[in-house]
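full-length UniProt numbering applies: residue 1 is where the sequence shown begins, and numbers increase by one.
Note that beta-carbon positions come from the ideal geometry of N, C-alpha and C, so glycine has one too.
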Amino acid sequence: LCREFGWRDPELPEVIQMLQHQFPSVQSNAAAYLQHLCFGDNKIKAEIRKQGGIQLLVDLLDHRMSEVHRSACGALRNLVYGKANDENKVALKNCGGIPALVRLLRKTGDVEIRELVTVNVRIKLFYPDFTPLDLCVCVCVCLSVGVLWNLSSCDALKMPIIQDALAVLTNSVIIPQSNWDSSPNHHEDRKVHLHTSQVLRNATGCLRNVSSAGEEARRRMRECDGLTDALLFVIQTSLGSSEIDSKVCIRGWVCMRVCACVHVC
1 LCREFGWRDP ELPEVIQMLQ HQFPSVQSNA AAYLQHLCFG DNKIKAEIRK QGGIQLLVDL
61 LDHRMSEVHR SACGALRNLV YGKANDENKV ALKNCGGIPA LVRLLRKTGD VEIRELVTVN
121 VRIKLFYPDF TPLDLCVCVC VCLSVGVLWN LSSCDALKMP IIQDALAVLT NSVIIPQSNW
181 DSSPNHHEDR KVHLHTSQVL RNATGCLRNV SSAGEEARRR MRECDGLTDA LLFVIQTSLG
241 SSEIDSKVCI RGWVCMRVCA CVHVC
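Written out as structure tokens, the structure is:
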């Protein structure tokens, strides 16, 4: 039927060009299609980089529409996944990708992250009033942190992530997700429930990776206000609880050990 009517799948250069289309829906669909194309295909990932797709996707992180952010983040996450794609990771960094991701996290966080990101996307099952926009924001934040986590496996990008993203990851993700609060009455005011969160898993995975960048990286992590307290709170809350994601706890423990033991090692 497709052949009869002359329909065909777009070629890769056409899809990349659509990232600059005047309509946000076309841009979003193009980014989502690139995410699909490059899943598990390192050759396509390299070709997208060579044709300038990474720069265009990074540019979309500053788009005014959240659905475009989400699709661009999803494509970038796949493009920089895996050790075989370190060239893509460096290309993303050279395109200003890390500051762009930080801006997106900060912008989303300023508006809704403290209300929305403390629960994962599955909250829709328990809170019917959670709107599609709320879900879109949650997914976007999760994908943004996921891109940073994938980038953090590249040794050359660990310090840039520490320099550009550590404070925002701590203040907009780690602390809100952990439910830790520095106020004296916080723990007395309400029963704390630590949600199983993909965002928190991504963030602790990223911090675990960048903590291996050397003494300067670990010093900055130790001195980042609230980070060690929030990680310690995650570990303490997880003890004896079957509801807490064990991977979050382990990654938090690793980060704590690395930061605390640097002078002993």
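Whole-angstrom distance between residue j and residue i, CA atom to CA atom
i    : j    : result
H21  : E223 : 44 Å
V90  : L200 : 24 Å
N209 : M65  : 31 Å
I48  : V234 : 39 Å
V15  : R218 : 41 Å
A165 : L92  : 14 Å
L34  : S71  : 9 Å
C140 : K43  : 26 Å
D59  : L12  : 18 Å
S153 : C95  : 18 Å
A75  : H69  : 10 Å
I98  : W149 : 11 Å
K107 : H63  : 11 Å
Q198 : A213 : 24 Å
T237 : G53  : 43 Å
A228 : S172 : Going by the sequence as given, residue 228 is Thr instead of Ala. Going from the Cα of T228 to the Cα of S172 covers about 15 Å.
L151 : L37  : 20 Å
L79  : M159 : 21 Å
Local conformation of residue i per DSSP, three classes
i    : result
S153 : coil
Q22  : coil
Q51  : coil
P176 : helix
C224 : coil
R8   : coil
H63  : coil
D164 : helix
D229 : helix
G214 : coil
Distance between beta carbons of residue j and residue i, contact taken as under 8 Å
i    : j    : result
L169 : C206 : 7 Å
L19  : L57  : 7 Å
G226 : I161 : That belief does not hold up - the Cβ atoms of G226 and I161 are roughly 18 Å apart, past 8 Å.
K50  : N85  : Going by Cβ atoms, the distance from K50 to N85 rounds to 13 Å, so no, they are not a contact pair.
First through last residue of the alpha helix (DSSP H) which encompasses residue i
i           : result
residue 270 : Since the first and last residues shown for the chain are 1 and 265, residue 270 lies out of range.
E67         : S66 to L79
R201        : Q198 to V210
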